[in-house]
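Report on the following structure.
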Amino acid sequence: MPSSAACKRPENLVEGLSSKDPGTRLKALRDLKNQIIGNRTKKLRYVKLGAVPLVSEMLESGSESVVLVQAIATLGSFGCGLDAGVEAIVKSGALPYLFSTLANPDEKVVEAGARSLRMIFQSKLTPKYNILEDKEMDFLFSLLNSENETVTELAASIIMHSCETTEEQKALCGSGVLDKLALLLEGSSNQRDASLDSLASVVKNNREVVSKFVGLHNGKVLSSVNGLTKDRSPRTRLLACSLLIALGRACPSQLQDIESKADLVRILVELVEEPGRAGDEAPRALGDLIEKSEEVQKLACSVNAVEKLCKFLHKGSIQAKPLAGILHALAELCSNLEDNRRLFLSLQGLPLVAEMLNHESVGVRIAACICIRNISRSVKNLSDGLTDKSIVIPLIHLFDDPSIEVQVAALGATSNILVHFTTHKSIVFECGGVKQLVKLSSSMVSELRVNAVSALRNLMFQADKMCKENIMLELTISTLASLICDPEPFVQEHALVLLRNLVNGNVDCINYVFAEDGLIINAVTRQVWNASSVGICIQGIYVLANIAAGDEFHKEEVMRILFPLPEDGRNQSILIKFLQDSSSPKLRVATLWCIINLSHLDSPGAVDRIARIRGAGITCAIKIMVNDPCLDPKVLGPSLGAIGDNWPK
Amino acid sequence: MPVRVVDNTQIPQVSGVNSGYTLSPCTLLSVGQAFAGTQNVSSIQKEEAWRVNVRIQGCDLDHGYLCGTMEALNVPLAETPVVTFWEGEIVDNKNYTFFTGKWDAKPDNDVRHWSKFQSFSPLQNQVEADGGKSLDLSNYPYIFMRWKELYFVNVGKDCGLTIAGFYYVCFSCSDGSINGFYYDPNSRLAICCPISSINVGDDPYSCEGTTSSHGTAQSSTCC
């Protein structure tokens, strides 16, 4: 009929929602609900046409149950899997009204309200529920105690969504939430899943709560979670695995034995192939499980995790969230094991990951950067042509990404790629990468500064003279000097290594250190004498060692820094202090190298320098190093001692 | 090249079942370090000495892994220096033992080559007895390795040279000297690179190199 056809046009349907005639309004509402269920495109269309506030209004005015149920269900549908829908719902002010429906005398309204809220609370855009407020906590517990299954599931979902801080975890734990959630584990499959999900939030990174959970009912609850890893439902298996992983991450002793880990790996790798949410979320859980554990990464490899994940990448058309999960798992699989990296490359995974650098989702871009960073930890892969313009250029473009996290990840990946010793440093110059790295090294965000300076230091590593000069042209002496004194210790350390690489093996490059009234050498001097960490001190000494490999002037300048005149007010025995530093063999070795270079007999002023070094009592300190507990200083020390024996008396 | 053996060298022994230890870090064998020396190639027809530069590009002691480049400068008939990329296995009894177990190297080949290094002599009896599994090499002042060239960096595979064999290498932590012997059992009248060529058999071709004691260092780190 013409009228019906007209009503189904989106604009007319939205108009119908504000009709004064209750019948027309209800019909429009029903039509809207039917149109948008499971249809993302239509949901978006109606959100843009302003349907959500009109539906929210229907909750306000004491509508009949039949209208309420339809309106609630429609809002739930808008909020299901669509951030724009959730945003519109929150903006329309519907959330308090939706909560109030849970107290409605009509059970159908309560059921619909709980279902809708549960869907809305799955989105990160939904505001956090304030667990720390007594009134809100009481309400949450009233939901947990409800006889309505959906309401209890909602309570668990709210906990999962809102419990983030240690304080919130403690408050929930202190209120007895663990017992309540443990009870839900014995309920319906939906209650079980909701409980597992929220338990993972409550125990996350909290050793204290983990120990309470593990001891619950003499360990029976933990056993039942273990049992659920073999449940018939893939989703339950996944959530049980995720909870066990969260327990293990918060308290490693909870997931120590290799058989338990092997079981989890096997289950998760099988789940990767499941359709639906379980399959979508399994790679993320797998990535979390194998993170930082080479042993577990090997287990995952033995059940063909790399092959299975690569197969999915090749299939394409994956939603952003599962795609980020797959990339996360692949990144972890390739983080330590060279065999996994080789396998990943042989399966042609890298070009696909490179494409993901341009993905619209921030999470995917970050995961792709981390994946490339981990693959490029392999020097062999780098030198074998792993990186070309198709990877380096998109990475450099990401230096301008609107997300700081993406920028940090892109810098991390670039930093590793720049270790490459033959080519590709030039690509960075060609596309303006050095200029951007220098710009980011002055960012207000310390993580960006750390990673940008780290990338510059690797760019400087094994660079030829022209490359070094080009870097310094962009970086400038004053910027390098200020980076050496940056408030962030990691920036200081990277900047000193950058300088160490700059002055390595080239006398001309050493002159940068003394240019502009000695801005750089003064900064290095301050760091060597007042370093806040041993790492910074070691790099400062290596800078001096490399300068001391230069000409006579350079050696004398290093002597001036290390053996100041008494009127300079500095402790004469700084080298002895470093040689005797029991906390760091690396510092002892760096100091030995510095002395080796200062006392090299080929240079004309060596005799005088040796006399001053001996005068400072350093020979004895070196000779004692024959008993050094670490091999490196132990074998280097006597070599120098032997030279010392031949020094002119 | 004769290798200086440290006085009072003790046979490093570990008690109980040994699963090996990660070797102690050695600055002379770290990323960025460069070595220069000669590679002496001898055959029935001729004696040659190629100048060789080695640079360490990657080092992962936990996994007994080392890699780098080797540049042979005056290879006869080659228009440019020939650069190869190699990967190294560090003998630590954790990741790798003295026995190669591949590349057509049998235990007797291994012992024969290792015993060319003087610094191996304190270990030889134990290696012959149990493969050296009970030796704690973590603080031994020499590091034993196998270096296997994987590909040519700057010339094609058809450059007339071969990299089919591998090197037995001994590195001195105290002076940074490297000694190596090339092994390629299948190479008969063949060319090998960066060591040349003819009647290779398993004759020793030594590759010597030292760092200057007057050295500088650079550093890079992968995150």
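Line by line, the protein sequences are chains A and B.
Offset between the first sequence (1-based) and my numbering: plus 281.
Offset between the second sequence (1-based) and my numbering: plus 320.
Virtual Cβ for every residue (Gly too), placed ideally from N, Cα, C.
Just so we're clear, the structure is a prediction, and the values are computed from it rather than from any experiment.
Listed by chain order, chain A residues near B/S344 by CB distance under 7 Å: Residue 344 of chain B sits at position 24 when you count from the first residue of the second sequence. Neighbours of B/S344 on chain A, chain order: C911, L912, D913.
Residues of the segment 420 to 433 of chain B with Cβ closer than 8 Å to any Cβ of chain A, in chain order: none
Ignoring anything shorter than 4 residues, give me the alpha helix (DSSP H) runs that lie fully in the segment 382 to 464 of chain B, in order along the chain. 427 to 434, 441 to 450
At least three beta-carbon pairs within less than 8 Å, the segment 822 to 835 of chain A to the segment 868 to 875 of chain A: Touching, per the Cβ criterion.
Please confirm if the segment 756 to 776 of chain A is in contact with the segment 734 to 747 of chain A, defined as three or more CB-CB distances below 8 Å between the two stretches. yes
Measure the beta-carbon distance from A/A475 to A/A521 and round it to whole angstroms, keeping in mind my assumption that it falls under 8 Å. Taking the first residue of the first sequence as position 1, residue 475 of chain A is located at position 194. Taking the first residue of the first sequence as position 1, residue 521 of chain A is located at position 240. Not confirmed; about 13 Å, so no contact.
Contacts around B/V447, its chain only, beta-carbon distance under 6 Å, and the 5 residues preceding and following it disregarded: Here residue 447 of chain B refers to the residue found at position 127 when the second sequence is read from its first residue. Within the same chain, B/V447 has close Cβ partners F418.
Rounded to whole angstroms, what is the Cα-Cα separation between A/E368 and A/N751? Within the first sequence, numbered from 1, the residue matching residue 368 of chain A stands at position 87. Within the first sequence, numbered from 1, the residue matching residue 751 of chain A stands at position 470. Roughly 49 Å between the two C-alpha positions.
State the start and end residues of the unbroken beta strand (DSSP E) segment that holds B/S492. Here residue 492 of chain B is taken as the residue at index 172 of the second sequence, counted from 1. Looking at the DSSP string, the run of the beta strand (DSSP E) that includes B/S492 is 486 to 492.
Between which two residues does the beta strand (DSSP E) carrying B/Y502 extend? Position 182 of the second sequence holds residue 502 of chain B. It spans 498 to 503 - the beta strand (DSSP E) in which B/Y502 sits, taken as one unbroken run.
Let's test the definition: count the other Cβ atoms within 10 Å of the Cβ of A/K314 and tell me whether it reaches 16, buried, or not, exposed. Reading the first sequence from its first residue, position 33 is the one you call residue 314 of chain A. It is buried - the Cβ of A/K314 has at least 16 other Cβ atoms within 10 Å.
Since A/H609 and A/A649 should fall inside the 8 Å C-beta cutoff, what is the C-beta to C-beta distance between them, to a whole number of angstroms? Counting from 1 along the first sequence, the entry for residue 609 of chain A is found at position 328. Counting from 1 along the first sequence, the entry for residue 649 of chain A is found at position 368. No, A/H609 and A/A649 are not in contact; Cβ-Cβ is about 10 Å, not under 8 Å.
What three-state label does DSSP hand A/L298 in the structure shown? Stepping through the first sequence from its first residue, residue 298 of chain A is reached at position 17. Helix.
Between A/R311, A/A384, A/S346, which lies nearest to A/S358 when the distance is taken from Cα to Cα? Here residue 358 of chain A refers to the residue found at position 77 of the first sequence. Closest option to A/S358, judged by alpha-carbon separation, among A/R311, A/A384, A/S346: A/R311.
For the candidate residues A/R558, A/K579, A/R518, whose alpha-carbon lies nearest to that of A/A932? Nothing can be reported for residue 932 of chain A: it is not among the residues displayed for chain A, which extend from 282 to 930.
Cutoff 8 Å; reference B/N474; Cβ partners in own chain excluding five residues on either side: Here residue 474 of chain B refers to the residue found at position 154 when the second sequence is read from its first residue. Cβ within range, chain order: T400, P401, V402, V403.
So, with DSSP's three-state summary, where would you put A/M487? If you number the first sequence from 1, residue 487 of chain A lands on position 206. Note on residue identity: the sequence assigns Asn, not Met, to residue 487 of chain A. Here A/N487 sits in coil by DSSP.
C-alpha distance - A/I674 paired with A/R738, whole-angstrom precision: Against the first sequence, residue 674 of chain A aligns to sequence position 393. Against the first sequence, residue 738 of chain A aligns to sequence position 457. So the alpha carbons of these two residues sit roughly 19 Å apart.
Cutting at 6 Å between CB atoms, please list the residues of its own chain near A/L524, excluding the five before and the five after it. Taking the first residue of the first sequence as 1, we reach residue 524 of chain A at position 243. Sequence-distant Cβ neighbours of A/L524 in its own chain, meaning closer than 6 Å and more than five residues away, are L477, L480, A481, V506.
What does B/T400 touch in chain A if you count any residue whose Cβ is under 7 Å from its own? Along the second sequence, one-based indexing puts residue 400 of chain B at 80. Within 7 Å Cβ-Cβ: nothing; B/T400 doesn't reach chain A, min ~14 Å.
Determine the DSSP secondary structure at B/D380, reduced to helix, strand or coil. Here residue 380 of chain B refers to the residue found at position 60 when the second sequence is read from its first residue. Correct three-state label for B/D380: strand.
For the segment 414 to 423 of chain A and the segment 372 to 379 of chain A, state whether three or more C-beta atom pairs, one from each stretch, are separated by less than 8 Å. With the cut-off at 8 Å, the segment 414 to 423 of chain A and the segment 372 to 379 of chain A do not touch.
On a Cα-Cα basis, can you pick out the residue from A/N426, A/Q450, A/V432 that is closest to A/N411? Mapped onto the first sequence, residue 411 of chain A falls at position 130. Selected option, being the one with the closest Cα: A/Q450.
Residue range of the unbroken alpha helix (DSSP H) whose run includes A/L349: For the purposes of this step, residue 349 of chain A is identified with residue 68 of the first sequence, where counting begins at 1. A/L349 -> alpha helix (DSSP H) spans 346 to 360.
Cα-Cα separation, A/K746 to A/I791: The residue labelled residue 746 of chain A in the question sits at position 465 within the first sequence. The residue labelled residue 791 of chain A in the question sits at position 510 within the first sequence. Looking at the two C-alpha atoms, the distance is approximately 11 Å.
Residues sharing a beta bridge with B/E368, DSSP: Here residue 368 of chain B is taken as the residue at index 48 of the second sequence, counted from 1. In DSSP, B/E368 forms a bridge with B/V361.
Is DSSP giving B/K468 helix, strand or coil here? By 1-based counting over the second sequence, the position of residue 468 of chain B is 148. Strand at B/K468.
So which residues of chain A does B/C387 contact, with C-beta pairs closer than 7 Å? Position 67 of the second sequence holds residue 387 of chain B. Within chain A, the residues near B/C387 are V660, K661.
For the alpha helix (DSSP H) containing A/C650, list its first residue and its last residue. Residue mapping note: residue 650 of chain A aligns to position 369 of the first sequence, counting from 1. Unbroken alpha helix (DSSP H) run through A/C650: 643 to 656.
Does A/F680 get closer than 8 Å to chain B when you measure Cβ to Cβ? Taking the first residue of the first sequence as 1, we reach residue 680 of chain A at position 399. So, not an interface residue.
For A/L756, would you say it is in contact with chain B, using Cβ-to-Cβ distances shorter than 8 Å as the test? Along the first sequence, read from residue 1 onward, the residue named residue 756 of chain A stands at position 475. Chain B, which has no Cβ nearer than 8 Å to the Cβ of A/L756, makes this no.
Check whether the segment 474 to 492 of chain B touches the segment 378 to 398 of chain B, taking contact to mean three or more Cβ pairs, one atom from each stretch, closer than 8 Å. yes
Could you tell me the distance, in whole angstroms, from the CA atom of A/G304 to the CA atom of A/E341? In the first sequence, the residue the question calls residue 304 of chain A occupies position 23. In the first sequence, the residue the question calls residue 341 of chain A occupies position 60. Going by the C-alpha atoms only, they are around 18 Å apart.
Anything in chain A within Cβ reach of B/T482, meaning under 7 Å, just list it in chain order. As a first step, residue 482 of chain B is located in the second sequence; it is residue number 162 there, counting from the start. Per Cβ cutoff of 7 Å: no residues; B/T482 is ~19 Å from chain A at best.
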